[in-house]
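Chemist: Residue numbering for the sequence shown is 0 to 366, as defined by numbering that gives the first Met the number 0.
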Amino acid sequence: MDMKEPFGVYIHIPFCQSKCHYCDFYSTTKRGGMSWDYVKAVGTETGRLSSLVEGRKAASIFIGGGTPSLLTPKMTASVIENCAKHLSLAGDCEITLEANPESLTDKRTKGYTLAGVNRISIGVQSLDDNSLKTLRRAHSAAKARRAVTTAMNGGFKSVSADMMFGLPDQSLSMWEDELKEVAGWGLDHLSCYQLTPEPGVLLLKKIEEGKISLPEDTLEFFDATEGLLNEKGYSHYEISNYAREGKECVHNLGYWEYRDYLGVGSSSHGMVDGMRWVNVRDPSRYISRVKASGLGKLHEEKLDEKIQWTEKLMMGLRLKRGIRFGKGEVTPEIAEMVQAGMLRLRQGRLFATSRGWRTLNSVLEQI
0 MDMKEPFGVY
10 IHIPFCQSKC
20 HYCDFYSTTK
30 RGGMSWDYVK
40 AVGTETGRLS
50 SLVEGRKAAS
60 IFIGGGTPSL
70 LTPKMTASVI
80 ENCAKHLSLA
90 GDCEITLEAN
100 PESLTDKRTK
110 GYTLAGVNRI
120 SIGVQSLDDN
130 SLKTLRRAHS
140 AAKARRAVTT
150 AMNGGFKSVS
160 ADMMFGLPDQ
170 SLSMWEDELK
180 EVAGWGLDHL
190 SCYQLTPEPG
200 VLLLKKIEEG
210 KISLPEDTLE
220 FFDATEGLLN
230 EKGYSHYEIS
240 NYAREGKECV
250 HNLGYWEYRD
260 YLGVGSSSHG
270 MVDGMRWVNV
280 RDPSRYISRV
290 KASGLGKLHE
300 EKLDEKIQWT
310 EKLMMGLRLK
320 RGIRFGKGEV
330 TPEIAEMVQA
340 GMLRLRQGRL
350 FATSRGWRTL
360 NSVLEQI
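Below, the structure written as structure tokens:
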């Protein structure tokens, strides 16, 4: 472990107003009166985990979920204050809050900036009301537009929005129209994900029953997204992410560069010095476990060198610039992908070519 290498902090807020039909992240609509107890448990766990990163700086704090914007600004301030109390934060520490449009008001926005949030990521997903209903999002397109305007005027250093393509009954022209509007908002960062229903989600059940269908060719959506956003001044720095110069997400770059991060909160994952852990999922059980032991861990394991190498490769090839890679690390499978024009090794870095990037999952299966 490099004692000078920065690390990230991920804090999971599991509460949601309603469950989206495509989401496979752990969340619950049953908060009861546990919000403050949960925030206090997060603070306790942060303190206990701090010994793992002693002497190092936190480059980022990412408060994700769930719907973190269901926390009041006072609760959010408590979460951030506990990080500052127990951890050494970099002077330019990126502090991100994920927010859903329906919960982002002018008052809350001002409260979040005062709490220390300097970057906000808004889950817009779509500007088509029918698509939002199909996904079971709690907001309308109009609310999404208002929330973005509120955030842009809220004093954050950076504002990002999440969008999704490949939605049920979505045509390429529909997606391009949405994207043109979003690109005109002047946001610093955009995440554009392909809808990929995972096993167990309600949306997949509807697809299997033939009630809805997804577009067959999503590659054209990918190409259109890259072309349009490049024209608007966004750099396509990771498969699903675009940013204006200097506005890349520091926290997510940490994942893709395979840096250490603390995972705090129910169902969160963390990894430090090759040791990975996962916390209990249920928030009430998490609170009880933290009260008893100071930690919410359900399971932990030491990753061997082969697993770490494989995961580093899988994450790093998602970046346009790839990862640092020595010639001695080139396996026959990687050499074959280089020969096939899917990967390229140059100046000590391995990265996917444009062709390989578009079919990265199949490339990873090969290597």
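All C-beta atoms in this analysis are idealised placements derived from N, C-alpha and C, irrespective of residue type, glycine included.
1) Looking at C-alpha atoms only, which residue of Arg275, Glu244 and Ala242 is the closest neighbour of Tyr257?
2) Taking C-alpha atoms, which residue in Lys246, Ser170, Leu294 and Val116 lies nearest to Ala223?
3) To the nearest angstrom, how far is the alpha carbon of Met0 from that of Phe6?
4) Alpha carbon to alpha carbon, what distance is there between Ile238 and Gly340?
5) Buried or exposed: where does Thr95 fall if 16 or more other Cβ atoms within 10 Å of its Cβ makes it buried?
6) Would you decide whether Ala291 is buried or exposed? Buried here means 16 or more other CB atoms lie within 10 Å of its CB.
7) According to DSSP, simplified to helix, strand and coil, what is Lys56?
8) Bridge partners for Val158 per DSSP, in chain order?
9) Could you check if Leu86 is buried or exposed, using at least 16 other CB atoms within 10 Å of its CB as the buried criterion?
10) Where does Glu349 sit, in a helix, a strand or coil, going by DSSP?
11) Provide the residue span of the beta strand (DSSP E) that contains Glu300, from first to last.
12) Less than 7 Å between the C-beta atoms of Asp187 and Lys246, yes or no?
13) Can you round the beta-carbon distance between Ile121 and Leu103 to whole angstroms, since I take them to be within the 8 Å contact cut?
14) Just reading off the beta strand (DSSP E) that Glu93 is part of, what are its end residues?
15) Tell me the DSSP bridge mates of Gln169?
16) Tell me the rounded alpha-carbon separation between Glu310 and Trp255.
17) Anyone know if the C-beta pair for Tyr285 and Ser265 falls short of 7 Å?
18) With distances taken Cα to Cα, identify the nearest neighbour of Pro282 among Met33, Cys82 and Phe155.
19) Does the structure place the region 228-238 close enough to the region 142-156 that three or more beta carbon pairs sit under 8 Å?
20) I'd like the ranges of any alpha helix (DSSP H) spanning at least 4 consecutive residues and lying wholly in the region 169-241.
21) In angstroms with no decimal places, state the Cα-to-Cα distance between His138 and Gly327.
22) Taking the Cβ atom as the reference point for each residue, do Thr43 and Val289 lie within a distance shorter than 7 Å?
23) For Ile12 and Ala334, I'd like the C-alpha separation in whole angstroms.
24) Measure how close the beta-carbons of Lys132 and Ala182 come, nearest whole angstrom, since I'm counting them as under 8 Å.
Modeler: On the basis of the data shown:
1) Counting from 1 along the sequence shown, the entry for residue 257 is found at position 258. Nearest option by C-alpha distance: Arg275.
2) The residue given as residue 223 occupies position 224 in the sequence shown. Comparing Cα-Cα distances from Ala223 to each of Lys246, Ser170, Leu294 and Val116, the minimum goes to Ser170.
3) The sequence position of residue 0 within the sequence shown is 1, counting from 1. The sequence position of residue 6 within the sequence shown is 7, counting from 1. For Met0, the pLDDT reaches just 49, beneath the cut-off of 50, and the residue's location in the model is therefore unreliable, although a value from the coordinates is still provided. Going from the Cα of Met0 to the Cα of Phe6 covers about 11 Å.
4) Stepping through the sequence shown from its first residue, residue 340 is reached at position 341. Stepping through the sequence shown from its first residue, residue 238 is reached at position 239. For Gly340 and Ile238, the distance between alpha carbons rounds to 18 Å.
5) Counting from 1 along the sequence shown, the entry for residue 95 is found at position 96. Buried, by the Cβ-count rule.
6) Residue mapping note: residue 291 aligns to position 292 of the sequence shown, counting from 1. The residue in question, Ala291, is exposed, as its Cβ has fewer than 16 Cβ neighbours within 10 Å.
7) For the purposes of this step, residue 56 is taken as the residue at position 57 of the sequence shown. Per DSSP, reduced to three states, the secondary structure at Lys56 is strand.
8) Here the question's residue 158 lines up with position 159 in the sequence shown. Ile119.
9) Sequence index remark: in the sequence shown, residue 86 carries index 87 (1-based). Label assigned to Leu86: buried.
10) Within the sequence shown, the letter at position 350 stands for residue 349. Rather than Glu, the amino acid found at residue 349 in this sequence is Leu. If DSSP states are grouped into helix, strand and coil, Leu349 belongs with the strands.
11) Taking the first residue of the sequence shown as position 1, residue 300 is located at position 301. Where Glu300 is concerned, the enclosing beta strand (DSSP E) stretches over Lys296 to Lys301.
12) The residue given as residue 187 occupies position 188 in the sequence shown. The residue given as residue 246 occupies position 247 in the sequence shown. Taking 7 Å as the Cβ cut-off, Asp187 and Lys246 qualify as a contacting pair.
13) As a working mapping, residue 121 is identified with position 122 in the sequence shown. As a working mapping, residue 103 is identified with position 104 in the sequence shown. The Cβ separation is near 7 Å, so the contact holds.
14) In the sequence shown, counting from the first residue as 1, residue 93 sits at position 94. Taken as a continuous stretch (DSSP letters only), the beta strand (DSSP E) holding Glu93 covers Ser87 to Ala98.
15) Mapped onto the sequence shown, residue 169 falls at position 170. According to DSSP, Gln169 bridges with nothing at all.
16) Counting from 1 along the sequence shown, the entry for residue 310 is found at position 311. Counting from 1 along the sequence shown, the entry for residue 255 is found at position 256. If I take the Cα positions, the gap works out to 9 Å.
17) As a position in the sequence shown, residue 285 is number 286, starting the count at 1. As a position in the sequence shown, residue 265 is number 266, starting the count at 1. Yes, Cβ-Cβ distance for Tyr285 and Ser265 is below 7 Å.
18) Sequence index remark: in the sequence shown, residue 282 carries index 283 (1-based). Out of Met33, Cys82 and Phe155, Met33 has the C-alpha closest to the C-alpha of Pro282.
19) no
20) 171-182, 201-207 and 218-230
21) Position 139 of the sequence shown, counted from the start, is the residue given in the question as residue 138. Position 328 of the sequence shown, counted from the start, is the residue given in the question as residue 327. When rounded, the distance between both Cα atoms is 51 Å.
22) Counting from one through the sequence shown, the residue named residue 43 turns up at place 44. Counting from one through the sequence shown, the residue named residue 289 turns up at place 290. Their beta carbons are under 7 Å apart, which means Thr43 touches Val289 by this criterion.
23) As a position in the sequence shown, residue 12 is number 13, starting the count at 1. As a position in the sequence shown, residue 334 is number 335, starting the count at 1. The alpha-carbon atoms of Ile12 and Ala334 are separated by roughly 43 Å.
24) Within the sequence shown, numbered from 1, the residue matching residue 132 stands at position 133. Within the sequence shown, numbered from 1, the residue matching residue 182 stands at position 183. Contact flag wrong, Cβ pair sits at about 24 Å.
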